[in-house]
Structures are given as structure tokens and as C-alpha cells.
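Residue numbers (my numbering), protein chains in the order written: chain A, 2 to 728; chain B, 1035 to 1329; chain C, -11 to 141. The beta carbon of each residue, even a glycine, is placed where N, CA and C say it ideally should be. The structure appears below as C-alpha cells.
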Amino acid sequence: MAHRIVGQRFGRLDGADKVTGAARYSADVTLPGMVWGKALRSPLPHARIVRVDASRARALPGVLAVLTAADVPDLLVGRRMFDMPLLARDRVRFVGEKVAVVAALDPDVAEEALAFIEVEYDELPAVFDPADAIQPGAPLVHENPGAYHGAPAERPHANVQSVLRFKLGDVDAGFREADRVFEHTFRTQLAHHGYIEPHAGVIALDEDERVQVWASNKMPYRLKELLSHALELPPARIRVNLTPIGGDFGGKGSLMDLPLAYHLARVTRRPVKMVMRYTEELMAGNPRHPSVVTMRTGVTKDGRIVARRATALYNSGAYAAFKPAPSVNLGGTSMGAGVYRIPHLLLEGFCVYTNTIPCGHARSPGEPQMLFAEESHMDMIAKELGLDPVELRRRNLLRDGDALANGHHLEHVRATETLDAALAASDWAKPKPRGVGRGVAMGHRHIGVGFTNAQVRLETKGTVTLTIGLPDTGTGAHLVLRQVVAEVLGLSIDEVQIELATTDLFETDSGVGGSRVTHTGGRAAFHAAEKLKEQIHAEATKLGTPDASFATIAQAAAREGRTLEAVHFYDAKSHAAVTSFTAQVAEVAVDPATGQVTVLRFTTAHDVGTIINPLGHQGQIEGGLIQGLGFALMEELQTAEGRISTLSLGDFKLPTIRDIPPLTTVIVEDAVGPGPFRAKAIGEGSISPVAPAIANAVADACGVRIVDLPITAEKVYFALQDRKGRS
Amino acid sequence: MIAFDYRAPRSLDETLAILQEYGDEARVIAGGTALVTMMRQRLAQPACVVSVRGVAGLGRIEATNGSIRIGALVTHREAECSPLIQERLPVLAETFRRVGTIRIRHMATVGGALAHADPNQDPPVTLMALDAGVEVQRAGGGRELPVAEFFRDYYESALEPGELVTAVTVPLLPAATGASYVKFLPRTADDYATVAVAATVTLEPDGEHCREARIALGSVATTPLRERAAEALLSGARLGERLLKAAGSAAKTAVDPLDDHRGSAAYKREMTAVMVERALTQAWAEARRAARASG
Amino acid sequence: MIRLTVNGQAHELDVPSYRTLLDCLRYDLGLTGSKEGCGVGVCGACTVLLDGKMISSCIALAVFADGREVTTVEGLAEDERLHPVQQAFMDAGGFQCGICTPGQVVAAKALLDAIPHPSEAEIKEWMLGNLCRCTGYYKIVESIQAAAGQARA
Ligand SMILES: Cc1cc2nc3c(=O)[nH]c(=O)nc-3n(C[C@H](O)[C@H](O)[C@H](O)COP(=O)(O)OP(=O)(O)OC[C@H]3O[C@@H](n4cnc5c(N)ncnc54)[C@H](O)[C@@H]3O)c2cc1C
Ligand code: FES
Ligand code: FES
């Protein structure tokens, strides 16, 4: 179907405020009388708090309030499982946990005051490694996590937060059918999302004692619910005002400092702003879970996978509070099956408490971890079998009707086409010089589900205003939604404006995340626009002028005191029977003298639905891919004994503009998505296969297999030395 | 940051008087890139901060007999882009170009690069290999000391309270000499070096033997190092690939790096050998070119 | 008391000695376009021009800028007309979340002032210190190239 507006490459029409500096992010919100909150954090990974004395800090000029656990309600908060106190009470469980909070007239004064709060600790035995934490007799991070609100029932050890399991067939029987069985273990690192905007929030109590909130949070309605619980106030007393978000990548969905800002506002009777320093982000944000993944696969002689068992131990840190899924686990565990049909499958993910930074969701939660293991494992198996890695994949790729690990059967499976597209575009078969290698990896990502409200209103000048409760996290979703409405109503893009609702307008909304917005927001906008279209037709018929302009129609209605508007609540509860495949090829050079890996070129192929805005679509691919590259090669929050030592962006390194490889993108378009105009999702498709593609390329280039991320020059160098030593 | 006295004197004498008055309570601020960062992290909390930015006469780059004198307030970017330095000491311009990002180079000064005494910085390494001298002033006197004697420990220089770096004097390269700077950056293009090496090679008139070689190392100890054992291997010897490799191996035993985010001590040691060899190879090639050009 | 000229407008301000230039712009002058990301000079979200040269305002003291001229993102557009760099970032998708964008466009403007037609390598050298986590940089390079093309036309 040919579209007028859908599929057009619009520039970022939604971004004039961003290029001029006019856009007001949460940290930019300034209110009369506003003061600053800053948190004092624990220097110890596990300790009893013996005494807190804030009297000297309270006496400092410019300090308005100091709160400790004794001054805030004794309740626990979280996104799904409520296990985190507002301020550490009796006990700290990780380095960086908040112990006290200060409000002062100026941010520097607030920070200085922290040094005047005396805390006496009594150190407790701590546990840092998830494998140690689940041993009998390990120090317990929480005595009785099962009692927490939202805690899953299954708990093999008190240090286990949750278990997520995917099962197909009978895995033991499957292994009995196998001619060969392979097992390998992989590790991935602790990594921060790297959004450039640290968490920020402003809380003010208005004249009606309502709590006004501005926060870098992508799920305003969920935030309202969570705050209602955390602040012990009815939801109607809370209003979340939408602000643009300076990068999310899964990290901006929690309460973070907001309850404390509220209590400071309550005590000082002033609006309070709390903005984390980047150092605090790196020590106490909600980063990507590190993992240890063991993959065990049974294959037949001819390279068919008959059974697989994969076990992931995720180091979840001291609290489960940052994980939003009902499972309190990482859905990416299912990616242990890769993009393959595996009749007998058992995948298990264990989220484990330790005395380290609490982890949360990050772009494709769990998938980069699992796919690094899975797709490296595939190449290792191919090598053992003497098979070409592409051939091994081909023999096992999912086909129409096959089931994913979660039991969903798929239609419109384009795995083989996507792989072929990547191979062709990357010159896979071309000879390459010594020291250069190519690696392939694949993945797939669902199209997200959730629920969204959209309201459309015909203005008297004939334009349409779309009102939604989805904040702008940067993906360009607002432009996509405008395109959808313009397409349906036959308007130009400029004739559709967007307006952001506060949480007062709608009942609910699942917010941004999980690759859902184009789908759920798009469908809500689509159906709302369809409804409005019907109303407009009806009005035109009533007026007796079927081709009356929108302005005429709106004005006629206005004269009768009516506004033409429509609301649609779209709720997608279950996943569509389609997914989006990704196939990537990395070409790398390895310097044998240093181990340094240079990515010479990168190819990424995506099986996608209808593309609504090609510019934004490509932007998602590129951004995700470079995050994947950083995860593969450099990003790591290095820790020792529970202490993170990479506490600035000078030490925790993100890729720069000079670190990006030449990139070829191939689109395999197939209009079968559940989104508006049969769109799928793209935000999380490109990140996950990057690391295994590079690891496989490194192995191809120099024969060294790196099984723990990131793939640093140092690891490659010593692995090369090792191999030399042995031969 | 906590409040401090801020002074912005206009003349050198006034500056030195203030520094004398406050002693170790005062910190000079030049570009501020290191000092402000440390103050924000509470690693420095001086009672008085003395800005030297307005002090006349500290921002010049000038040719003196046989050397280039660079004022302490010259920024890294000015040094990198100076036609004089680019022409006479291209290795030094190149070294400044390798520092951080342009934004930092616009702020950071040559004096700050020395006084900050961080062993991971780039300019001190090359200045050391070039045998530069540091001019230091205090109320009522001054001294000049070789860069090789300027660094004492991690973030510790030979400066006494009350002293100010006013300039660095860099001798030009002798005839038939090549110089190189190698900064090993295995993570991203913007980082401090995992290992850095500056080298010079001066050839004998025969074009084959080495008259003198100088090697300085960064990021491999608590201060930048001059690697004299490796230098000794080269001086008087006939140059060849094997010898350069041997020099690299010699350097490796001399270093005492720390484990950090840029690599383990063991890795930095190994990379010292590789980078010394690479730096010498480049310097040697440059030296041959210089010899041919003059001969 | 310090004197600053910001985007052509003169200000006299009484700021504490410890105030960073970034905080001074954001809180004393209400110019919140410049952002604090890393706070240590690495990310470039706080990039401003000081006497025409780009610096990190997060690690500059406000007193350090006394008597000097500061240009922030708010000073790039003339009246209602976007600077060509700003327009190019919109047209070519040089931003997503936009938090790095004020720094990117200020740096890019300074680049084109210094080198009107930069090569790709020159763009990457100049922009090295402006991190962007959203775009993967490809479209930032394209935006600057587009702006340079426009400047040429
Ligand atoms: C993000 C970032 C990245 C960087 N990357 C690199 C890099 O890759 N390579 C590299 O080499 N450097 C790098 N640097 C720069 C370097 O680390 C120092 O910050 C810089 O050289 C200090 O110069 P300054 O003029 O800003 O000194 P300031 O910060 O003003 O001062 C630093 C110290 O020197 C003292 N001081 C300054 N000038 C004098 C003087 N004339 N006499 C006596 N004492 C003085 C001060 O009191 C202070 O103790 C980086 C800096 C930053 C912030
Ligand atoms: S905030 Fe100043 S450079 Fe990052
Ligand atoms: S646009 Fe989000 S960090 Fe650059």
C-alpha cells in the first residue's frame, strides 16, 4: 500500500527546542524558592549503621534540612518487587546506598554539608559474586526476601531474587538424542547505560498540597502509582509533568531520588531539585546486570541442534527494586535459544542478591548478555564440528510455525533472508588479508506490548492536536505519531501538533520502553484518528457539504459549543506472532603485537515492518549498534570488593565519534507488524548481536576466543601469548 | 566546592608575593582543567586560588638561540597550532595534539601540564625526551631545572610552595635527528595513554650508527621516566630492527606501572616493549630523512 | 563582582568564588541550554565558546571568565532564524534525546567558523570530545557535512 506521509524521511521536526537549547529537561526546571537536595552515600558494601549524627550539618549556614532514616517513613519501594528503603535503615547493603539527604540553598553547600554528617558503621561480611552468594552459608543480603511485596515465590536460596525459566520438550531426552554435546561458559560485565543526562527530578507542593513532579522518568503513569505508594498519598494528589528525557536506554523508569526530594520539600516547604552527579550514576544508577552464562548444547552429527540448556547467573546487586518485569528477572534469558529451532530446551535465569550496585533494565534487558554467550557458543560448536559457522546457523534457523522459547509460534519468519542479506552486503565470501577476520551473529527482538491513550482534537483552524502521555526519550516517537495521524486524516505533517498531557488527563499508560511505543502509541493514535475521521465525515454530512474543509467543520461545531475530539485506549496484552530478526557481520583486524582490535567495517541487516520514518528508524539502528560496540570493546564498571573504581566518564569509557566503524545497513522490509500501517519495532534490534559478531571475528582473525566481555586489547594479547606458549 | 579566596594578580611580582604570603594554602590556577576537577571531587580544597591568567608575559612562544621557549600560560592548543613549534619541533606539536580533546587543549596550559605532575599526561614525556628545562620563579629568585628532575612522585613535582612555573625551554633537535611520540590508546580515541613513549634518535655521519638516543616513558610509573638503560644499548651501535626490539625489552624491565582502567601492570609492561620499539622505529626513520635532507 | 558578556549581552554578577561557569549560566543567568553530563570535562554537554574558543564550562570557574565573552547554544540562532548548524542537525537527524545537542551544535559552529569545509577526519577530530549516546554519531557527521554544504552554497 502506498502511503503519503508514512515512510517519508522527515527531519527531526520535533526538535527545534533541542537545537536551540530551549527544551526544558528535568534538571532545567527552576521554581521560585527552589532548594537543592544531595544524598550522602555509604562507603561500605555491607555494614550495620550504629549511629548517624547530622547535627553539625544541620547547623551549617545555607542548610535547610538533613534527613536520615529516622525522619522518613519506614517503607520499602521498588518498580515491581519492593525491597529498597528510602534511606538505609540500620544497615547498608552496597557502596553508594543513600544514608542521609540534605537540602540547602545552593548545590555546592548541600554537597559540602554531606561531609559534616557523621555515620558510624559496623562492617558486616559481604558477598560480591553471585556464584558465592548462592552457596550454603553465604552472607545474606536480605534475611527474608520472600516477604517483600512483589517477591516471586520460587526461591532456591535466600540470596536469589527470582528465577525465570523457559522450557520446550524434554531437555534430558533431547541430550540423549545428541551425537555430541558442547558446553562453554561466558561472562559479561557490569555496564552503565551511558545516557548523558544523569537522573534529575524536581518536586514541589502546590497551594492545594498536590505534589508536582518533574522527573527524568519515561513512565509517568507508573511513576504516579509508585509515588503514591512511596509517599503514602492517593494518586490524585500527585501530578507528573512530562519533560524530555536525556537518554533512557532502559535506565529511566525508577523512583530514584524522588521520594527523598518529596520529603525534603515537605520539611522545608520549598520546591526541591535533586540531580545526581555522574559519579553517583556510576556508583548507584541502575546499570546492566553482569552475567555468567553456561551454554550446553547437544547436536547431531550433521549439525542439527537437538537439545540446549542454558543457565544465567545475573549479579543483581543489593536490591531487586529496579527491575520492572513481573518476573523480577531479565526477559532476555529467553535469548539463550538464539534464532534457532531447538526441540528440547531449558533456559534458566537466576537474579542473585549481592552487596554490589543494584542493577536494572538496559536496552534489550538480558539479551546482549545471553546472545554474546549463545552466538559465541554457536561458532565454537561449528569449529568443533568442522562446519562453517554460517552453515551451522542455516541448518537450525527458525522457520514459519516454529516456537520461540516462550512457546509462541511465529509467522512470517525471515531469519534466512536476513542472514543472506547481511552476508551479501558484507562480502562474507571474499578473501581477506592475514590478521583480518569476519564474524557473524544473529538475534531477534519482539515487538513490545503495553497500553496507551491517545486523544485527537480538531482545531478550528483545521489542524489536529494529538495529546499523549508518552514523554520524549529521543527516539522520534512523537514525530512518528504525528505521521500516523496525518496519514489517517489526510493532513500534512505540519497540520498535526503534539501536546503532552500531564498524568491528570488519562487514566493510565504503560509509558516508554520494551520496544512498544511505535506499536502501542501508534495504534492508539491511529484508532483515535480513525474515530475523529468518522466524526468529521458525520459532521460534513450533517452540514450537507461532504467536501467542507476541516476548518469549516470545526468552526461549525464550535458554534454549537462542541469540539470534535476522540480518544482511543489501545491495549496490546500479548505478543504478535512475528518478531524482527537481525544479522550482523563484523570485520576486524587484530594487531598481534598489542591485541588491539580494530573494527574495519560493520554490516547490520534488519527484518522490519513498515518503516514510518526512515530517518528515525535508521537512527535507532545506528545508536543501538554503537552502544553494542561499546559494550563489546570498552564499557565496564570495574569493581573490586564491591567498589566501583571507574567513577567518571573519563574512566568508564563510551565510544567517541572516532571509534565508529564504516557501517552498511540492509533493510529486509516485510509489512507484517502489529503496529500502525503494519510497522514493527526497531529500538532494540541492533544492540545485542554486536559483541558476539566481534568476538567471532576476533577468533577468525587470530584464532583466539574471548569468552568474557569486554574484548579488551589486553585480553586478546594475553590469549595470543598463551596460545604461542602452548604451541 | 567550598568557598576560597580568589586572586587575579596582573603582574609576575604581585603573583609571587601572593604565593609567598599564602604558602601551601594557595594553589595557582592556570587552565583550571585539573585543579577545578580536583576541587569538585574534594581532592583539593585550597584556601586561596591564584589565577595567573592575567599575568602579562607568560603566554609567549619564542625562538631563542638553539631552543624554543614556551611560556607557562601557553595553552596546549596554541602550542599544537604554533607555526614555530610545528616547523622546528613537530614532535612537540604532535604531542600536544594527542592530549584529550580540543576543548581541553583550549584550556590546559603548558605550565599546568608540568605542575600537575600526573604520570599519565602526554607533554611531559616528550619534553623529557627533548631534554627541556623548566623555569621556576619565586619571590626574590628563580631557578631552572631539567624536566627529568622535575617530577618526584604521583602528582608531586619539585615545586616548593611559593614557586611558579614561568616557562619551559626546549632545545631544538641536533642535525640528523628524528623524534617521535607514540601514545597507545587501546580503548577509545580520547583517553589517557595506556603507555606513552617519546624517542629521539641522532645518527652518526655514516647514517648507520646511532650517536645518541633518548627515550622517555609515560603512564608506566609514578612519574614520567627517562629510560637510560635502553638508551645506552643504542648509543654508538649500528641500528637495526633487532636492536630496537632489544631496547624495547630493556625498557620493559625498567618500568613499574600500576594496575588501572587502562590496563594491568603486566600488560603495560609488555606494551612498553612494543611501544618503545615502535617509537624508536619511527624516530630512526625520521632521523634518516633528516640526515638525507641535510646531507 | 564579575563582568561577563553572554551572547552579546553584558552582565555584572556577584557569584561565589566556587561557582562554575556552567552553574553561573544555568542558575544565575537562567540559560539552561548548556547541560551538565559528566561534570569532569569529558562529555561536552556543557560546551560553550569563551572568546570564540570551545571549552568545558563545567570545569571552568565563573570568575575565570571575568571580562570575557561567552557564547552558548542560546546565542546561535539569529532572531527566529536557526543557525545553519542547528537546521542541519534537525534535517539530518543529528540528535535524538537532545541532551548532548547544545554542546554538539556549539562545537560544530566553532568548527565551521574555523574550517568552513572540513573533511570527515577533521570533523571527527574536532568533535571527539562531544559524546552522544543516542545517535552513534553517524548522523552527527552527516549533519555537519550538510551544514558545511549549506554554508558553501
Ligand atoms: C577531561 C580531560 C582529559 C584530559 N586528557 C588528557 C590527555 O589525554 N593527556 C594529557 O596529557 N592531559 C590530559 N588532560 C589535561 C591534564 O590532565 C591537565 O588537566 C592539564 O594539563 C592541566 O593544565 P591546566 O593549565 O588546566 O592546569 P590547572 O588545572 O590550572 O593546574 C593544575 C595544577 O598545576 C598547578 N599549576 C598550574 N600552572 C602552574 C604554574 N604555572 N606554576 C605552578 N603551578 C601551576 C596548579 O596549582 C594545579 O595544582 C586532560 C584533562 C581533562 C580535564
Ligand atoms: S559536563 Fe562538562 S564536559 Fe561533561
Ligand atoms: S542525542 Fe542523546 S546523547 Fe546525543
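To the nearest angstrom, how far is the alpha carbon of residue i from that of residue j?
| i | j | result |
| --- | --- | --- |
| Y6 (chain C) | R1276 (chain B) | 55 Å |
| R1094 (chain B) | G1105 (chain B) | 5 Å |
| K99 (chain A) | H193 (chain A) | 19 Å |
| K384 (chain A) | P390 (chain A) | 7 Å |
| G522 (chain A) | L471 (chain A) | 8 Å |
| V708 (chain A) | S377 (chain A) | 8 Å |
| D1165 (chain B) | L1278 (chain B) | 21 Å |
| M1072 (chain B) | C1082 (chain B) | 15 Å |
| P46 (chain A) | L638 (chain A) | 16 Å |
| F11 (chain A) | H479 (chain A) | 12 Å |
| A141 (chain C) | V61 (chain C) | The predicted model places A141 (chain C) with a pLDDT of 39, which falls under 50 and marks its position as unreliable; any figure quoted below should be read in that light. The alpha-carbon atoms of A141 (chain C) and V61 (chain C) are separated by roughly 24 Å. |
| A552 (chain A) | L346 (chain A) | 60 Å |
| G170 (chain A) | N218 (chain A) | 41 Å |
| P33 (chain A) | R271 (chain A) | 9 Å |
| V30 (chain A) | D130 (chain A) | 40 Å |
| R396 (chain A) | V586 (chain A) | 19 Å |
| L227 (chain A) | K324 (chain A) | 13 Å |
| S131 (chain C) | A80 (chain C) | 5 Å |
| P74 (chain A) | A672 (chain A) | 52 Å |
Tell me the DSSP secondary structure of residue i in three-state form.
| i | result |
| --- | --- |
| E1261 (chain B) | coil |
| D123 (chain A) | strand |
| L41 (chain A) | strand |
| F570 (chain A) | strand |
| V1062 (chain B) | strand |
| A141 (chain C) | Only weak support is given to the placement of A141 (chain C): the predicted model assigns it a pLDDT of 39, under 50, and the question is left unresolved by the model. |
| G629 (chain A) | helix |
| H47 (chain A) | coil |
| A680 (chain A) | coil |
| P711 (chain A) | coil |
| T21 (chain A) | helix |
Between the Cα of residue i and the Cα atoms of the options, which residue gives the shortest distance?
| i | options | result |
| --- | --- | --- |
| T665 (chain A) | A:A127, A:W429, A:R92 and A:R57 | A:W429 |
| P1158 (chain B) | B:P1258, B:M1309 and B:R1087 | B:P1258 |
| R240 (chain A) | A:A262, A:G251 and A:V214 | A:V214 |
| Q456 (chain A) | A:P46, A:R395, A:A526 and A:G449 | A:A526 |
| D592 (chain A) | B:A1321, B:E1320, B:M1305 and B:A1324 | B:M1305 |
| G477 (chain A) | C:F83, C:C120 and C:P90 | C:F83 |
| I712 (chain A) | A:C703, A:L234, A:V699 and A:D15 | A:V699 |
| A1223 (chain B) | A:L501, A:Q722 and A:D660 | A:D660 |
| G40 (chain C) | C:V28, C:C31 and C:A53 | C:A53 |
For residue i, which residues does DSSP report across the bridge?
| i | result |
| --- | --- |
| W215 (chain A) | A:V203 and A:N242 |
| V588 (chain A) | Residue 588 (chain A) is actually Glu in this sequence, not Val. A:R439 and A:R602. |
| Y149 (chain A) | DSSP output for Y149 (chain A) lists no bridge partner at all. |
| F351 (chain A) | A:V164 and A:L314 |
| R458 (chain A) | A:T466 and A:E566 |
| T453 (chain A) | A:Y571 |
| R446 (chain A) | A:S581 |
| F83 (chain A) | A:H150 |
Which runs of the beta strand (DSSP E) fall wholly inside the region 1088 to 1122 of chain B and span at least 3 residues, in chain order?
1095 to 1098 and 1101 to 1105
Unbroken stretches of the alpha helix (DSSP H), 4 residues or longer, contained in the region 1156 to 1212 of chain B:
1157 to 1163
Runs of beta strand (DSSP E) wholly within the region 1222 to 1248 of chain B (minimum 3 residues, chain order)
1229 to 1237
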